[in-house]
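Residue numbers (my numbering), protein chains in the order written: chain X, 16 to 450; chain Y, 226 to 744.
Glycine included, every Cβ here is placed at the ideal spot set by N, Cα and C.
The block underneath contains the structure these notes are about, expressed in structure tokens.
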């Protein structure tokens, strides 16, 4: 495992291009594009204000830089560094900006979510979408980029509009039976749209691509509901994490719950579960404990809104075999579930609260970080914990995998570092993996 | 001691034998006046009265005054005694009635006590029930309180969520108002605009199209095509899965069938032949149904039902084996179980021998049949050849031809005769095969019979058998037949009863424990 040197960045804006060749970072108002392997600076662009949001286009040819305060979006081209494009939202303000899947349209959401403006880089055409909903996840593109689902709110009712991304034609517009729609997400196969309600009501509605309501799922009433939601890569399962510290798995045939995963404070039973602990010793090692395990629990303040309790993060591995979850009142623990056996596979306990975890896009390998200078990797073969070599004490706040799964971008508060994995076969390399 | 008795003992030997105290006439006579006088004196003084006679009165005289006084005192004494007696009588009666009263009241009080005891127990019982109820109600109350608490917590969290959202919305509203004010005040309005050096190509290189009805229709088509392909893929997967599972089920069924069949020799007491034949029969019928699979709902249901049935049989068989194993382990049935094993082995040997003999018999029959069939053919061939060879040979003179014609006719007659014989022979063969089949069936039932009702004890009473069985019995040496059949099957002829027995009967007709069989 190799680590690159530490580079500066601001606002945690570091993105690897979709084709995996470039790394773009923002330093204040400058956009720096480097080659991923050599980390040489290839391009340097200067924007008009501090960049708040940066995104690659899907074909890795353009980068958009958004400056919300000024209401500006600047688009830079990699092929033609002289090319420039500036979108000024004027008085209407800018709250969010994103690419469309074809990499030629930019969707800007105005202040107060008054409307969404669709700017085209190919033509002079501009489209407007009224009444977008300001919620956790109001816009989602299907994986193949053909359709966009947008949540709307009109007259105290929630609607979903489905657009064809090719020409922004409104395909379907239907009302949803939610009290307060919190988010929507396409299934990976693009045939089902999951729509969920705010935490005051536990409700998930499943719509087919053509707007028919397929099914509705509600686990319980009154208590705080859904906190997070994730589709399995094969679209077979829908995992719903809720405030009652449980994850419920629905199957795509009947849309009924097939199992639920609990996060108890004491794990008694299974012999197959391994607890991987990072100890506080000087030379931190990975300890394996025998059941029963005791998980450290932080009791949340239930009087406040959005209490720190419940399953807030869910992630399926790329092959859909594993599901990693994090329960907010056991923030230093990541639970790994085996989706084939529908049971707990491993419990990863860290010394501090887990800040970010992400699965390798190619293989079942989980990387996680806790705001300490260590990087932690887990795979079914074992786990390993690595210290990021740095003089100044580089704290890893977030991480992001390269699309080929061979390297990781480790993002700190003001710095970033690249970690290159050994490209040889991990299963034969028994030195670093501890079982 | 009565004074008279005393007197009779000590002083008056002249008294008669009368002991009755009321007969006083013979106490004093003229002879024993003095003695009587002194005796009376003694008695009276012992009673505390004045003496009747004192020596100062004179030896042979009685003090009449003293005597009368003492008589009067005696009479007083007597009256007192009588009075006392009366009083005591009265007292006695009074106490008797008191006692009666007391006894009555005693019984009454006992009754009351019983009643009150019963009442007490019933009240205790009621109290206990009430206490239970109270406990239940208390636990209900506790649950309700917990529920209330939970709901209150929920309300509190919802309220805090609402407040949070309200505040957020109010903040946004405030911002909006500010913005609106600002816009009203602001003179120059910055419009949205996009500056771009030059427009770029679309990612897919195509030119953008006008929105027409055709494009809309195309989009719709795309949508449905996507959905359909997804459904297709899913259906294909499901069909694959289905066929896999059906294969697995078939395999399971076959295994179960073989298990059930294979378990027959190992089972000593419970050997129902019917399920076996049933199983075999079902298996045959369903193997043919495998051909018409997937879409046929009936076939599917039949398969699952047959699997369930066989699974149940297997389970019951396993349970029985377990119980047998436990019995064997208990050690009590060790002795009787050891004996049947040996006799079972002997029976098996005997049956094997019989089967071998049957086979030999059938084989010999087959050979005979074969010979019979081939010999007419040879004769036929022999009959067919002579006409050919002389014809093929020289031309033949008329005389010879005539002779040959006669020979030919005779041989033809023989040939027809042999044809007839062959026909009859084939018919006989067919009949024989029928009879053989019958015989096989009878043998099977007879074997079943044997397995169901065999005991180590031979019995001279031979039950009535059908013709087939009698034939079999005559060919082979009749062995020991079951002497004590189960009561349920003895009513009708056993073979027919066995044939009509359902699967459940053998299990039902079997005695519950092994010991009872071998009595």
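What does the alpha-carbon distance come out to for the pair residue 597 of chain Y and residue 574 of chain Y? 34 Å
For the stretch 535-547 of chain Y against the stretch 473-487 of chain Y, do three or more pairs of beta-carbon atoms, one drawn from each stretch, fall closer than 8 Å, so that the two count as touching? yes
Comparing the CB of residue 279 of chain Y with every heavy atom of the ligand MN, is any distance shorter than 7 Å? The ligand MN is absent from the structure shown, which contains no ligand whatsoever.
Please name the residue in X:102, X:237, X:139 and X:71 whose C-alpha comes closest to that of residue 416 of chain Y. X:102
From residue 620 of chain Y to residue 634 of chain Y, what distance separates their C-alpha atoms? Because residue 620 of chain Y sits at a pLDDT of 45, beneath the cut-off of 50, its placement in the model cannot be relied upon, and the point is left open.
Using a Cβ cut-off of 9 Å, pull out every chain X residue sitting near residue 378 of chain Y, in sequence order please. 238 and 317
Just to make sure I have the definition right: I need the residues of chain X whose C-beta is within less than 9 Å of the C-beta of residue 774 of chain Y. Which are they? Lying before the first or after the last residue shown, residue 774 of chain Y is absent from chain Y, which here runs from 226 to 744.
Taking only beta carbons into account, state which residues of the stretch 446-458 of chain Y come closer than 8 Å to chain X, listed in chain order. 447, 448, 449, 451, 452 and 455
Drop a sphere of 10 angstroms on the beta-carbon of residue 313 of chain Y, count the other beta-carbons inside from all chains shown, and report buried for 16 or more, exposed for fewer. exposed
Where residue 340 of chain X falls: helix, strand or coil (DSSP): For residue 340 of chain X, the secondary structure class from DSSP, reduced to helix, strand or coil, is strand.
What are the residues of the stretch 109-128 of chain X that lie near chain Y, defined by any Cβ-Cβ distance shorter than 8 Å? 117, 118, 119, 126 and 127
Distance check for residue 186 of chain X and residue 225 of chain X, CA to CA, integer angstroms please. 8 Å
If you reduce the DSSP assignment to three classes, tell me which class residue 659 of chain Y lands in. helix
Would you call the CB atoms of residue 207 of chain X and residue 223 of chain X closer than 8 Å? yes
Check the C-beta distance from residue 194 of chain X over to residue 216 of chain X and give it rounded, since I have them as a contact under 8 Å. Going by Cβ atoms, the distance from residue 194 of chain X to residue 216 of chain X rounds to 5 Å, so yes, they are a contact pair.
Do the stretch 80-94 of chain X and the stretch 388-406 of chain Y meet, that is, are 3 or more Cβ pairs less than 8 Å apart? no
Counting C-beta neighbours from all protein chains within 10 Å, is the total for residue 364 of chain X 16 or more, i.e. buried, or is it exposed? Buried, since its Cβ has 16 or more Cβ neighbours within 10 Å.
I need the DSSP call for residue 744 of chain Y, collapsed to helix, strand or coil. The predicted position of residue 744 of chain Y is uncertain, since its pLDDT is 41 and thus under 50; no value can be drawn from it.
Thinking C-alpha only, which one of X:359, X:243 and X:239 is nearest residue 320 of chain X? X:239
Need the endpoints of the alpha helix (DSSP H) that residue 387 of chain Y sits in, please. Where residue 387 of chain Y is concerned, the enclosing alpha helix (DSSP H) starts and stops at 289-410.
Is it the case that the Cβ atoms of residue 255 of chain X and residue 273 of chain X are separated by a distance below 8 Å? no
Beta carbons nearer than 8 Å to chain X: which residues of the stretch 411-426 of chain Y have them? 411, 414, 415, 416, 417, 418, 419, 420, 421, 422, 423, 424, 425 and 426
What are the boundary residues of the beta strand (DSSP E) that includes residue 89 of chain X? 87-92
Beta-carbon proximity of residue 270 of chain X to residue 338 of chain X, cut-off 8 Å: no
For residue 189 of chain X: DSSP bridge partner residues: DSSP, once it has assigned bridges, lists X:175 as partnering residue 189 of chain X.
In the DSSP assignment, what are the bridge partners of residue 103 of chain X? X:87 and Y:418
Cutoff 6 Å; reference residue 280 of chain X; Cβ partners in own chain excluding five residues on either side: 310 and 312
Taking Cβ-Cβ distances below 7 Å as the criterion, which residues of the stretch 176-206 of chain X are in contact with chain Y? 179, 182, 184, 186, 204, 205 and 206
Anything in the stretch 388-403 of chain Y with a Cβ closer than 8 Å to a Cβ of chain X? List those residues in chain order, please. 388, 389, 390, 397, 400 and 401
Check residue 499 of chain Y in the structure and name its three-state DSSP category. Its pLDDT being 42, under 50, residue 499 of chain Y is placed unreliably by the model, and the measurement read from it follows with that caveat. Reduced to three states, the DSSP call for residue 499 of chain Y is helix.
Going by DSSP, which residues form a beta bridge with residue 31 of chain X? According to DSSP, residue pairing for residue 31 of chain X in a beta bridge involves X:38.
Can you give me the C-alpha to C-alpha distance between residue 576 of chain Y and residue 568 of chain Y, rounded to a whole angstrom? 12 Å
Going along chain X, which residues have a C-beta under 7 Å from residue 441 of chain Y? 184
Decide if residue 265 of chain X is buried, meaning its Cβ has at least 16 other Cβ atoms within 10 Å, or exposed. buried
Please state the DSSP three-state secondary structure of residue 417 of chain X. coil
Interface partners of residue 455 of chain X on chain Y, CB under 9 Å: Summary: the structure shown does not reach residue 455 of chain X, with chain X confined to residues 16 through 450, and so no result is reported for it.
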